[in-house]
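Visitor: Numbering-wise (UniProt numbering), the sequence shown opens with residue 1 and increments by one.
Backbone N, C-alpha and C fix where the C-beta goes; we use that ideal spot for every residue, glycine too.
In this text, all values refer to a predicted model and were calculated from it rather than measured experimentally.
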Amino acid sequence: MAVLVKNGKIVNHDRSFKADVLCVDGKIVEVGENIQAPENCQVIDATDRLVIPGGIDTHTHMQLPFMGTYAVDDFHTGTRAALSGGTTMICDFVLGGKGTSLIDNFKQWKSWADPKVMCDFTFHMGITWWSEQIREEMSKIASEYGVNSFKTFMAYKDVFMLEDDEMLECYRHAAGIGALAMVHAENGHIIDRESKRMVAEGVTGPEGHEMCRPEHVEAEATQRACVIADTVNCPIYVVHVMSKSAGKVVSEMRRDGKVVFGEPIAASLGTDGTNYWHKCWRHAAAHVMGPPLRPDPSTPKILMKQLACGELECTGTDNCTFNGNQKALGKDDFRKIPNGVNGVEDRMGVIWTKGVHSGIMDENRFVAVTSTNAAKVFNMYPQKGIIQVGSDADLVVWNPDRSRNISKDTHHQAVDWNIFEGMEIHGIAEKVISRGVLAYEHDGDFFHVEQGHGKFVPRQPYSEYVYSRIRQREKFYKPQKVEREPYTGPVIKLPQ
Ligand SMILES: NC(=O)NCCC(=O)O
Ligand SMILES: [Zn+2]
Numbered sequence: 001m002a003v004l005v006k007n008g009k010i011v012n013h014d015r016s017f018k019a020d021v022l023c024v025d026g027k028i029v030e031v032g033e034n035i036q037a038p039e040n041c042q043v044i045d046a047t048d049r050l051v052i053p054g055g056i057d058t059h060t061h062m063q064l065p066f067m068g069t070y071a072v073d074d075f076h077t078g079t080r081a082a083l084s085g086g087t088t089m090i091c092d093f094v095l096g097g098k099g100t101s102l103i104d105n106f107k108q109w110k111s112w113a114d115p116k117v118m119c120d121f122t123f124h125m126g127i128t129w130w131s132e133q134i135r136e137e138m139s140k141i142a143s144e145y146g147v148n149s150f151k152t153f154m155a156y157k158d159v160f161m162l163e164d165d166e167m168l169e170c171y172r173h174a175a176g177i178g179a180l181a182m183v184h185a186e187n188g189h190i191i192d193r194e195s196k197r198m199v200a201e202g203v204t205g206p207e208g209h210e211m212c213r214p215e216h217v218e219a220e221a222t223q224r225a226c227v228i229a230d231t232v233n234c235p236i237y238v239v240h241v242m243s244k245s246a247g248k249v250v251s252e253m254r255r256d257g258k259v260v261f262g263e264p265i266a267a268s269l270g271t272d273g274t275n276y277w278h279k280c281w282r283h284a285a286a287h288v289m290g291p292p293l294r295p296d297p298s299t300p301k302i303l304m305k306q307l308a309c310g311e312l313e314c315t316g317t318d319n320c321t322f323n324g325n326q327k328a329l330g331k332d333d334f335r336k337i338p339n340g341v342n343g344v345e346d347r348m349g350v351i352w353t354k355g356v357h358s359g360i361m362d363e364n365r366f367v368a369v370t371s372t373n374a375a376k377v378f379n380m381y382p383q384k385g386i387i388q389v390g391s392d393a394d395l396v397v398w399n400p401d402r403s404r405n406i407s408k409d410t411h412h413q414a415v416d417w418n419i420f421e422g423m424e425i426h427g428i429a430e431k432v433i434s435r436g437v438l439a440y441e442h443d444g445d446f447f448h449v450e451q452g453h454g455k456f457v458p459r460q461p462y463s464e465y466v467y468s469r470i471r472q473r474e475k476f477y478k479p480q481k482v483e484r485e486p487y488t489g490p491v492i493k494l495p496q
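Now the structure itself:
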């Protein structure tokens, strides 16, 4: 069945123009003026509306097994919520523990996702231990399984954390197979020691979670990860940039010519870490995630400005949700509170409200940071991230003139809390088209697709957007030997 979106203002990352869009069999087949609707065509009137490429959430953890429990939003409720907010694709993390196989983990996550997803999805792989097996599996995953991005952790000591030398080898290999290294940047050794000290000194509440890992603990690791990646000419993507200091490091590294990308998330752009000092334990615990939200209330605006001017690149959510009774595992010790917050439903609205509506970025940049840049960085462009002939028909009819209030009582996510509770959102995804099918209508709250509608999107290595600069830099990474006469003078003898 064909879908024709009429009279909309098409917004792409680089230009906006008035046109219709015709979608047939999941693809955009025509973009132009006064397109005639073919037979059996569903016509969607987008007069006075924007038509934007479907959002791509670069970072989710649906039903993640984590800290003894499972994230409560699974591939069904999570992707359903995504659609309702204008996101038509998620990038979820396959995250097995130490000693596990990447191939087995990939198959496990795929079997969870396939029957449940309501929007398209792809995977990043977590590298939680290092060995010859993992090196070989990384190659296989990149060449045969359609995954070209691998996340390493500098935190979660003894669980997911790699040491610097392991990261170096992992990144060297990633560069060799045309993949993108991703990093959770926090100094895991400091967190390990300081969280124990915090509890020993009687600070057991959620505020201790932030105090044992203040923002320089994130910034130091961000700098270290960038240096490690640069040493082996590997591109690096810093996930969940949560602080001004880490954002500054990313920006400085980019200005210094390093191939570094930074990803703030809906949470770091939309709220802040003062919540950890809230008198209600449940409220404070709901915001616990790693790296934490920052108590400096100027953080969200500064990160938004960095996004607007190109210092930061993409936006995700790190959506990893736990209900109150799960968070309560840490009621007497913040170290046991499952880490994670919501965002997949509200990311587009939060960024429009705090970025575009507030005058920090324009609509084209909004499209870039919510969709196009992700498609480019992760090598899905122009299949995803742009409205043009030949691209997947993932479209959102966006009404910038309507507003809504966020609440856990009305959101679509399974989680019983919303960190954006009460926030007035400007900009509504009125109609959401996923692979050429009208999937969601805001008015009436209608979902027209079933579980299993979404498809896995395989991605090739060597994203041009990322690797063209890596190739240019290769010549500087070859060690240059100086030809000289051998030294023939005396040499002292060292004691045996
Ligand atoms: N971020 C978080 O708190 N939970 C998800 C796992 C991770 O990405 O660190
Ligand atoms: Zn992380």
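(1) For residue 323, report the span of its beta strand (DSSP E) as first-last.
(2) Chain D beta carbons: is any one of them nearer than 8 Å to that of residue 371?
(3) So, with DSSP's three-state summary, where would you put residue 400?
(4) Who are the near neighbours of residue 268 in its chain, counting only those whose CB is closer than 6 Å to its CB and skipping five residues on each side?
(5) Between 13, 8, 394, 197, which lies nearest to residue 20 when the distance is taken from Cα to Cα?
(6) Closer than 7 Å: is that where the CB of residue 74 sits relative to any heavy atom of ligand 1?
(7) Specify, as a first and last residue, the run of the beta strand (DSSP E) that residue 182 falls within.
(8) Tell me whether residue 280 is buried or exposed, calling it buried when 16 or more other Cβ atoms sit within 10 Å of its Cβ.
(9) Looking at C-alpha atoms only, which residue of 406, 424, 428, 429 is the closest neighbour of residue 418?
(10) Leaving out five residues before and five after residue 460 in sequence, what residues of the same chain have Cβ atoms less than 7 Å from its Cβ?
(11) Would you list the residues sitting across from residue 124 in a DSSP beta bridge?
(12) Report all residues from its chain with a CB closer than 8 Å to the CB of residue 197; omit the five preceding and five following residues, and keep chain order.
(13) Report buried or exposed for residue 47, applying the criterion of at least 16 other Cβ atoms within 10 angstroms of its Cβ.
(14) Tell me which residue opens and which closes the beta strand (DSSP E) that residue 371 is part of.
(15) Enumerated in chain order, which unbroken segments of the beta strand (DSSP E) with a length of 3 residues or greater are wholly contained in the region 266–341?
(16) Regarding residue 500 and ligand 1, is the C-beta to nearest heavy atom distance less than 7 Å?
(17) Using DSSP with H/G/I as helix, E/B as strand and the rest coil, what is residue 441?
(18) My understanding is that residue 99 touches residue 371, with C-beta atoms under 8 Å, so please give their C-beta distance in whole angstroms.
(19) So, is residue 309 buried or exposed, given that buried needs 16 or more other C-beta atoms within 10 angstroms?
(20) With 16 other CB atoms within 10 Å as the buried threshold, where does residue 413 fall?
(21) If you run the structure through DSSP and keep just helix, strand and coil, what is residue 475?
(22) Give the range of the alpha helix (DSSP H) segment to which residue 151 is assigned.
Guide: With the given structure in hand:
(1) The sequence position of residue 323 within the sequence shown is 323, counting from 1. Residue 323 -> no beta strand (DSSP E), and no H or E assigned at all.
(2) Here chain D cannot be found, since the structure has a single protein chain.
(3) In the sequence shown, the residue the question calls residue 400 occupies position 400. Three-state result, residue 400: strand.
(4) Numbered from 1 along the sequence shown, position 268 holds the residue referred to as residue 268. The residues are 242, 303.
(5) Start at 1 with the first residue of the sequence shown, and residue 20 comes out as number 20. Checked all of 13, 8, 394, 197; the closest Cα to residue 20 is 8.
(6) The count along the sequence shown starts at 1 and reaches residue 74 at position 74. No.
(7) Counting from 1 along the sequence shown, the entry for residue 182 is found at position 182. Residue 182 -> beta strand (DSSP E) spans 180–184.
(8) The sequence position of residue 280 within the sequence shown is 280, counting from 1. Exposed, since its Cβ has fewer than 16 Cβ neighbours within 10 Å.
(9) The count along the sequence shown starts at 1 and reaches residue 418 at position 418. The candidate whose alpha carbon is nearest that of residue 418 is 406.
(10) Within the sequence shown, residue 460 is the residue found at index 460, counting from 1. Here the set comprises 148, 379.
(11) Residue 124 sits at position 124 when you count from the first residue of the sequence shown. Residue 124 is bridged to 93.
(12) Translated into the one-based positions of the sequence shown, residue 197 becomes position 197. Closer than 8 Å at Cβ, skipping near neighbours: 212.
(13) Taking the sequence shown and counting its residues from 1, the one referred to as residue 47 is at position 47. Per the 10 Å Cβ criterion, exposed.
(14) The residue given as residue 371 occupies position 371 in the sequence shown. Premise fails: residue 371 is in no beta strand (DSSP E) and is neither H nor E.
(15) none
(16) The shown model of the chain, from 1 to 496, leaves out residue 500, and the question about it has no answer.
(17) What you label residue 441 is simply residue 441 of the sequence shown in a count that begins at 1. Reduced to three states, the DSSP call for residue 441 is strand.
(18) By 1-based counting over the sequence shown, the position of residue 99 is 99. By 1-based counting over the sequence shown, the position of residue 371 is 371. About 37 Å; that fails the 8 Å criterion.
(19) To locate residue 309, count along the sequence shown from 1; it is residue 309. The residue is exposed, with fewer than 16 neighbouring Cβ atoms inside 10 Å.
(20) On the sequence shown, position 413 is the one that residue 413 refers to. Buried, since its Cβ has 16 or more Cβ neighbours within 10 Å.
(21) Indexing the sequence shown from 1 puts residue 475 at position 475. Note: residue 475 maps to helix in three-state DSSP.
(22) Looking up residue 151 in the sequence shown gives position 151. From DSSP, residue 151 is part of no alpha helix (DSSP H) but of the beta strand (DSSP E) over 149–153.
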